[in-house]
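Protein chains in written order, with this note's numbering: chain A, 1 to 138; chain B, 1001 to 1138; chain C, 2001 to 2138. Note that beta-carbon positions come from the ideal geometry of N, C-alpha and C, so glycine has one too. As the structure is a prediction and not an experimental result, all values here were calculated from the model. Before any comments, here is the structure.
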Amino acid sequence: MAVVTKEVEIATKGFSDVHDITPLVADFVRELPFSEGSVNIFVPGSTAGVTTIEFESGVIEDLKDAFERLIPQAMDYRHDLRWGDGNGFSHVRSAICKTSLTVPFMANKPATGTWQQIILVDFDNGKRHRRLIFQAIG
Amino acid sequence: MAVVTKEVEIATKGFSDVHDITPLVADFVRELPFSEGSVNIFVPGSTAGVTTIEFESGVIEDLKDAFERLIPQAMDYRHDLRWGDGNGFSHVRSAICKTSLTVPFMANKPATGTWQQIILVDFDNGKRHRRLIFQAIG
Amino acid sequence: MAVVTKEVEIATKGFSDVHDITPLVADFVRELPFSEGSVNIFVPGSTAGVTTIEFESGVIEDLKDAFERLIPQAMDYRHDLRWGDGNGFSHVRSAICKTSLTVPFMANKPATGTWQQIILVDFDNGKRHRRLIFQAIG
């Protein structure tokens, strides 16, 4: 049993910018010194989220529409009134989507389905260099 | 410390079909060669979710209503326009509910509360044989 | 590799009462006999949730507003009709927010960002002594 932790950086555009990070996670898992265990994907930050979806442009737009419908950008947020950041919607979306996801792996491959990808969603209101942490235990 | 992984298959009906999988998880945890650790429940697929709830038929209906109200089935989804699957709503619900849940266990028992059950929700638009992965580390 | 599990109790007020539990998690991680791994925060119960947010009073109110908008308290819930608990909204919010969060740590520090705090949200409709489980593997 061992722990392996890696940091990754991704350039994001914000406004529910969705990135398929499955290849990055798969590469990380393939090179581990152990074959079976779980990998946690964590975003250190309060305006992004991690989840899974079929990475297909139609449904990606559907997901963005859902976030906009449920937690609209153009509403009054107390966060914005107080700090003028204009990203109150980003914080609330992140808290609901959550910044952590754990995926098991076997034979050095993530257990995700064929049409299931691991995605980073950047909810912020501008460009970022987004830091991600991959941590495997196995 | 060790890792134990098991696959389970469940027949589901779709349309937010909710299954109490606590007994399956409890059986898995009881038979482990170690008594303390965490179990990850993961659905390999992009139209289901895993979470906890009180498994009581009233609140199960309330949860289904909430998903229907927040991410309605009868809306235009780009996924459906493109692929004709008719399950755009299933994908979006899954991405928001998420396909992974981690539960600690002690003395070979999941730490869930008395009125808290672990559920699989199948959001797809038809019957499935749904594969689940249970992975314990401890 | 080892597992360390700890129980914590917090007095909560309900109605989306938000508690910053980062200091409790950080204390737990600092005192571990290993420096690198992941900590799972789990609520044994079906009317609370765990997630991350910037713990700033404006955005905390925005989050509460979002839960009230998406899963209103003043609606008919079958759970309430059947059990008279009046906390149908609490159960549904908990199932969607989820009761589990995994956070990696390195050098005995949680990997959370500077403006990212770990929060317990008590969705119930009254005061509680809420039990939390912290479990570290590393």
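Relative to the alpha-carbon of residue 1128 of chain B, which residue among B/1071, B/1097, B/1003, B/1019 has its alpha-carbon at the smallest distance? Position 128 of the second sequence, counted from the first residue, corresponds to residue 1128 of chain B. Ranking the options by Cα distance to residue 1128 of chain B, first place goes to B/1019.
Does DSSP put residue 9 of chain A in a helix, a strand or coil? Indexing the first sequence from 1 puts residue 9 of chain A at position 9. In the three-state DSSP reduction, residue 9 of chain A falls in the strand class (E or B).
Do you know offhand how far residue 1958 of chain C's Cα is from residue 2120 of chain C's? Outside the shown range of chain C, which is 2001 to 2138, sits residue 1958 of chain C, and nothing can be said about it.
6 Å Cβ shell around residue 2092 of chain C - same chain, five flanking residues per side excluded: Working through the third sequence from its first residue, we reach residue 2092 of chain C at position 92. Within the same chain, Cβ atoms closer than 6 Å to the Cβ of residue 2092 of chain C are found at 2071, the five residues on either side in sequence being excluded.
Contact set between residue 2115 of chain C and chain B, taken where Cβ atoms lie within less than 7 Å: Looking up residue 2115 of chain C in the third sequence gives position 115. Residues of chain B passing the Cβ test: none, with the nearest at roughly 23 Å.
Give me the Cβ distance between residue 1053 of chain B and residue 1117 of chain B, rounded to the nearest whole Å; I'm assuming they're in contact under 8 Å. Along the second sequence, read from residue 1 onward, the residue named residue 1053 of chain B stands at position 53. Along the second sequence, read from residue 1 onward, the residue named residue 1117 of chain B stands at position 117. The C-beta separation of residue 1053 of chain B from residue 1117 of chain B comes to about 6 Å, placing the pair in contact by the 8 Å criterion.
Which chain A residues sit within Cβ distance under 8 Å of residue 1081 of chain B? As a working mapping, residue 1081 of chain B is identified with position 81 in the second sequence. 58, listed in chain order.
At 7 Å on the CB atoms, spell out the chain A contacts of residue 2094 of chain C, in chain order. Here residue 2094 of chain C corresponds to residue number 94 of the third sequence, with the count starting at 1. Among the residues of chain A, none has a CB under 7 Å from the CB of residue 2094 of chain C; the nearest is roughly 13 Å distant.
Residue 2115 of chain C versus A/101, A/115, A/95, A/110, residue with shortest Cα-Cα distance: For this step, residue 2115 of chain C is matched to residue 115 along the third sequence. Comparing Cα-Cα distances from residue 2115 of chain C to each of A/101, A/115, A/95, A/110, the minimum goes to A/95.
Strictly by DSSP, which residues pair up with residue 51 of chain A? In the first sequence, the residue the question calls residue 51 of chain A occupies position 51. The beta-bridge partner set that DSSP reports for residue 51 of chain A consists of A/119.
Can you tell me whether DSSP reads residue 112 of chain A as helix, strand or coil? Position 112 of the first sequence, counting from 1, holds the residue named residue 112 of chain A. Coil, per DSSP.
Is the beta carbon of residue 49 of chain A closer than 7 Å to that of residue 97 of chain A? On the first sequence, residue 97 of chain A is found 97 positions in, with the first residue counted as 1. On the first sequence, residue 49 of chain A is found 49 positions in, with the first residue counted as 1. For the 7 Å CB-CB criterion, residue 97 of chain A and residue 49 of chain A form a contact.
Given a limit of 8 Å on CB to CB distance, which residues of the stretch 2095-2109 of chain C reach chain B? Answer set for the stretch 2095-2109 of chain C: 2095, 2096, 2098, 2099, 2100, 2102.
Go through the stretch 1017-1049 of chain B residue by residue and report every complete run of the beta strand (DSSP E) that reaches 3 residues or more, in order. For the stretch 1017-1049 of chain B, whole beta strand (DSSP E) runs of length 3 or above, ordered along the chain, are 1017-1020, 1037-1042.
Is the stretch 1063-1083 of chain B touching the stretch 2002-2012 of chain C, taking contact as three or more C-beta pairs under 8 Å? No, the stretch 1063-1083 of chain B does not touch the stretch 2002-2012 of chain C.
How do the stretch 102-109 of chain A and the stretch 58-67 of chain A stand: do at least 3 beta-carbon pairs fall below 8 Å, yes or no? Counting Cβ pairs under 8 Å, fewer than three are found: no touch.
Can you say whether residue 2030 of chain C is buried or exposed, counting buried as having 16 or more other CB atoms within 10 angstroms of its CB? For this step, residue 2030 of chain C is matched to residue 30 along the third sequence. Result: exposed.
Could you compute how far the alpha carbon of residue 2022 of chain C sits from the alpha carbon of residue 1085 of chain B? Numbered from 1 along the third sequence, position 22 holds the residue referred to as residue 2022 of chain C. Numbered from 1 along the second sequence, position 85 holds the residue referred to as residue 1085 of chain B. Distance from the CA of residue 2022 of chain C to the CA of residue 1085 of chain B, rounded to the nearest whole angstrom, comes to 43 Å.
Taking just the CA atoms, how far does residue 1037 of chain B sit from residue 83 of chain A? Position 83 of the first sequence, counted from the start, is the residue given in the question as residue 83 of chain A. Position 37 of the second sequence, counted from the start, is the residue given in the question as residue 1037 of chain B. Taking the straight line from one Cα to the other gives about 42 Å.
Which first and last residues belong to the alpha helix (DSSP H) in which residue 1096 of chain B is found? Translated into positions along the second sequence, residue 1096 of chain B becomes position 96. Residue 1096 of chain B -> alpha helix (DSSP H) spans 1088-1097.
At least one CB of chain B closer than 7 Å to the CB of residue 2129 of chain C: is that the case? Taking the third sequence and counting its residues from 1, the one referred to as residue 2129 of chain C is at position 129. Under the Cβ criterion of 7 Å, residue 2129 of chain C is not counted among the residues facing chain B.
Does the beta-carbon of residue 27 of chain A have 16 or more other beta-carbons within 10 angstroms, so that it is buried, or is it exposed? To locate residue 27 of chain A, count along the first sequence from 1; it is residue 27. The C-beta of residue 27 of chain A has fewer than 16 other C-beta atoms within 10 Å across all chains shown, which makes the residue exposed.
When the Cα of residue 994 of chain B is compared with those of B/1135, B/1111, B/1126, B/1039, which residue comes out closest? Residue 994 of chain B is absent from the structure shown; chain B starts at 1001 and stops at 1138.
Report yes if the C-beta distance between residue 2136 of chain C and residue 2043 of chain C is below 7 Å; otherwise report no. Here residue 2136 of chain C refers to the residue found at position 136 of the third sequence. Here residue 2043 of chain C refers to the residue found at position 43 of the third sequence. No; because the gap between Cβ atoms is not below 7 Å, this pair is not in contact.
Under 7 Å Cβ-Cβ, which residues of chain B neighbour residue 38 of chain A? For this step, residue 38 of chain A is matched to residue 38 along the first sequence. Contact note: residue 38 of chain A reaches chain B through 1040, 1135, 1137, using a C-beta cutoff of 7 Å and chain order.
Buried or exposed: residue 1069 of chain B, going by 16 or more other Cβ atoms within 10 Å of its Cβ? By 1-based counting over the second sequence, the position of residue 1069 of chain B is 69. Under this definition residue 1069 of chain B is an exposed residue.
Comparing the C-beta of residue 1078 of chain B with each C-beta of chain A, is any distance below 7 Å? Taking the second sequence and counting its residues from 1, the one referred to as residue 1078 of chain B is at position 78. Closer than 7 Å: yes.
For chain C, find out if any of its Cβ atoms is closer than 7 Å to the Cβ of residue 1112 of chain B; answer yes or no. As a first step, residue 1112 of chain B is located in the second sequence; it is residue number 112 there, counting from the start. Yes, residue 1112 of chain B lies at the interface with chain C (some Cβ there is under 7 Å from its Cβ).
Proximal residues of chain C, C-beta to C-beta of residue 1062 of chain B below 8 Å: In the second sequence, counting from the first residue as 1, residue 1062 of chain B sits at position 62. Under the 8 Å cutoff, chain C gives 2077, 2078, 2079, 2088, 2091, 2092.
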